[in-house]
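Numbering (mature numbering (1 follows the signal peptide of the UniProt record, and there is no 0)), first residue to last: -18 to -1, 1 to 470. Let me begin by presenting the structure, written as structure tokens, before commenting on it.
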Amino acid sequence: MLGGLVFVVAVLALTGRGHHISLVDSNITSTNNFNTNDLWNNVATYCGPDLSALSACPPPNSNIKLRKPASINFAQCFEDVFKAYFTCSDLGDHGDSNPIKEEFVPLNEFEDQGNCGYPDLQKTLKEACTFDANEFGRTNCCKDEGVEDCSQQALNLLICELQAAEQYVRCTNSLTSSNSTSNTTSCITDNAEIATWLPKDFLVFSGTPTCPTAHKLLTTLAISNIIALASALLSNTQLWKNVLSRAKVALPPAIRLNFLSMFISIGVHISIPFIMGIILQKQGYTINWLQQVLLWTVRPRAAPLIAILGFFHASFMETAINEMVADLLFSIPAANFAVYAALFPNKTKNPMKPAVYKVFHAGGIIMLIPGVILTLALMIGFCNKCAPIRAFKYPLQDLMRILSNPVRKVMKKDEMERRSVDVTIFRSYFIQFFVLGIILYIGSWMVWSSFLQMAGDLYCPASLGKVAAVLWCYPVILNAVRAVVGLL
């Protein structure tokens, strides 16, 4: 009986990488004829303490992160055994894609409470990655004494087993009287399979038993777009002056483009993905912060929707240009995600891979169109006396005007005039930006919706509250700031 056993920080024999067994001293017989049962017999022999720690029953109401280190330790041990057992286990060029940490992760100390009714750990982990384990035999990649390359199949198996161990922790955290063992097993195996066709760096694992659905996440994004459109409509003071004015104005007065307002828009939009990255980093303890920033730059934004209003009333053109410039600039760093989606589809042949992966692939290709065009345009601009950098002088001049005019007024000096241009000069650019923006908008919805549908519980922030608050509040605040700046 395990009751009373206290799991403490302990390892069997640490190597320089922090893994569990010495590949030289082990008694594992190496072979090029992969057999799943033989592999797991060795796993049971050499990874027994890790299996025990992973299946241990924590005290009631324990932190959901308590058993997470055990899943990483098991994955490290599994990798060591796999590499000692199978002669074709080398990851080759895929080594950088291995998600299993190299350093030792200490276990959290807790007292095992005995039988929690968890599903059989070894059987579950074995069954979760059956397809990937059987790929070695199906492809005959290790025929001829390991001459053939099995690196992709080996990587897929390691990814799957790590995810199975992590999902064992998460899914058993939610095991209650209302959840049968069979449902828990399905939760583990279904999510482990998904991991081999998704980029792990873009996933979020918070360990929470329940995850927000793709529909809920996409609805949050859609509401953010609606709020941005509504706030742009309500903050258009010139439109409402014309509507409420008794005198009918045949043509609207000249619309001016405020450079400071444009760069404020760019600054706010740049900050949002970083804020999202910080929020998700604090919620989830398995997260690549930089990749989350890139992922949130891909999110659909309302710029082209606001631009449509500009075709009906010229007063929306300034806001639309501000939004579209910021939006299209984002297409450049977002190309990192788009390139993955467009050019590097997953290497698994698992028939469980959903058809929506084709939508993900197509969306990435579509997103690359404005990304490539804008990248080339910026490169040409830099060749032209660093024009993109010189453009910063205009908002800086406008900011200086705002700060210095009160002083100049007190000193009875002439106030500096606001530097702006008539937006009609940008009409041709407006149409070009709109076309590129619509392409980006369609591609980003395709990528986001298909990614979230495929990821399921593997994109699992602990709470959407703060994420929704940022997405829903920032358009209102941004339009309010722009309205104030326009009056200065």
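Ideal Cβ placement from N, Cα and C applies to all residues, glycine included.
7 Å Cβ shell around ALA221 - same chain, five flanking residues per side excluded: Here residue 221 refers to the residue found at position 239 of the sequence shown. It should be noted that the sequence gives Leu, not Ala, for residue 221. These residues qualify, in order along the chain: HIS295 and SER297.
I believe PHE60 touches CYS29 by the beta-carbon criterion, under 8 Å. Please report the beta-carbon distance rounded to the nearest angstrom. Counting from 1 along the sequence shown, the entry for residue 60 is found at position 78. Counting from 1 along the sequence shown, the entry for residue 29 is found at position 47. 6 Å between Cβ atoms; contact.
So if DSSP puts THR27 in a beta bridge, which residue, or which two residues, is it bridged to? Here residue 27 refers to the residue found at position 45 when the sequence shown is read from its first residue. Looking at the DSSP assignment, THR27 forms no beta bridge with any residue, so it has no partner.
GLU91, DSSP secondary structure in three states: Here residue 91 is taken as the residue at index 109 of the sequence shown, counted from 1. The answer is coil: DSSP assigns GLU91 none of H, G, I, E or B.
Rounded C-alpha distance that separates MET382 from LEU242: The sequence position of residue 382 within the sequence shown is 400, counting from 1. The sequence position of residue 242 within the sequence shown is 260, counting from 1. If I take the Cα positions, the gap works out to 10 Å.
What does a CB cutoff of less than 7 Å around GLY345 pick up in its chain, not counting 5 residues either side in sequence? What you label residue 345 is simply residue 363 of the sequence shown in a count that begins at 1. Around GLY345: ALA323, GLY425, MET428, VAL429 and SER432.
Can you give, in chain order, each stretch of the beta strand (DSSP E) that sits fully within the region 65 to 127 and has at least 3 residues? none
Status (buried if at least 16 other CB within 10 Å, exposed otherwise) for SER410: Taking the sequence shown and counting its residues from 1, one reaches residue 410 at position 428. So SER410 ends up on the exposed side.
What residue range is occupied by the uninterrupted alpha helix (DSSP H) comprising residue 471? Past the boundaries of the shown model lies residue 471; the chain is included only from -18 to 470, so the question cannot be answered.
In this structure, does DSSP put THR18 in helix, strand or coil? By 1-based counting over the sequence shown, the position of residue 18 is 36. If DSSP states are grouped into helix, strand and coil, THR18 belongs with the helices.
Distance, Cα to Cα, GLY292 vs ALA302? Looking up residue 292 in the sequence shown gives position 310. Looking up residue 302 in the sequence shown gives position 320. For GLY292 and ALA302, the distance between alpha carbons rounds to 7 Å.
Residue span of the alpha helix (DSSP H) that contains HIS197, given as start and end: Against the sequence shown, residue 197 aligns to sequence position 215. That run of the alpha helix (DSSP H) goes 196 to 216.
The alpha helix (DSSP H) that contains ASN138, what's its start and end? Here residue 138 corresponds to residue number 156 of the sequence shown, with the count starting at 1. That run of the alpha helix (DSSP H) goes 133 to 155.
Would you say LEU358 and ILE288 are within 8 Å of each other, going by their C-beta atoms? Within the sequence shown, residue 358 is the residue found at index 376, counting from 1. Within the sequence shown, residue 288 is the residue found at index 306, counting from 1. No, these two residues do not count as a Cβ contact at 8 Å.
If I measure Cβ to Cβ from PHE56 and keep anything under 7 Å in the same chain, skipping five residues before and after, which residues do I get? For the purposes of this step, residue 56 is taken as residue 74 along the sequence shown, with counting starting at 1. If we look at PHE56 and ignore the five residues flanking it on each side, its Cβ neighbours are CYS29, ASP32, LEU33, LEU36 and ALA147.
Which residue or residues does DSSP assign as beta-bridge partners of THR171? As a first step, residue 171 must be located in the sequence shown, where it is residue number 189. In the DSSP assignment, no residue is bridged to THR171.
C-alpha gap between ILE413 and SER79, whole angstroms: Within the sequence shown, residue 413 is the residue found at index 431, counting from 1. Within the sequence shown, residue 79 is the residue found at index 97, counting from 1. Going from the Cα of ILE413 to the Cα of SER79 covers about 41 Å.
I think ALA451 touches LEU180, with their Cβ atoms under 8 Å apart; what is that distance to the nearest whole Å? Counting from one through the sequence shown, the residue named residue 451 turns up at place 469. Counting from one through the sequence shown, the residue named residue 180 turns up at place 198. LEU180 and ALA451 do not touch by the CB rule: their CB atoms are close to 27 Å apart, not below 8 Å.
Which value, in whole angstroms, describes the spacing of the CA atoms of ILE170 and SER247? Taking the first residue of the sequence shown as 1, we reach residue 170 at position 188. Taking the first residue of the sequence shown as 1, we reach residue 247 at position 265. Those two C-alpha atoms are separated by around 43 Å.
Grab me the residues of VAL463's own chain with a C-beta within less than 7 Å of its C-beta, minus the 5 sequence neighbours each way, in chain order. Counting from one through the sequence shown, the residue named residue 463 turns up at place 481. Closer than 7 Å at Cβ, skipping near neighbours: ILE246.
Since ILE209 and PRO457 are thought to touch, with beta carbons under 8 Å apart, how far apart are those beta carbons, to the nearest angstrom? Taking the sequence shown and counting its residues from 1, one reaches residue 209 at position 227. Taking the sequence shown and counting its residues from 1, one reaches residue 457 at position 475. Between the beta-carbon of ILE209 and that of PRO457 there is about 5 Å, and that keeps the pair under the 8 Å contact cut.
Run of the alpha helix (DSSP H) containing LEU180, from where it starts to where it stops: Mapped onto the sequence shown, residue 180 falls at position 198. Careful: LEU180 lies outside any alpha helix (DSSP H) and carries neither H nor E.
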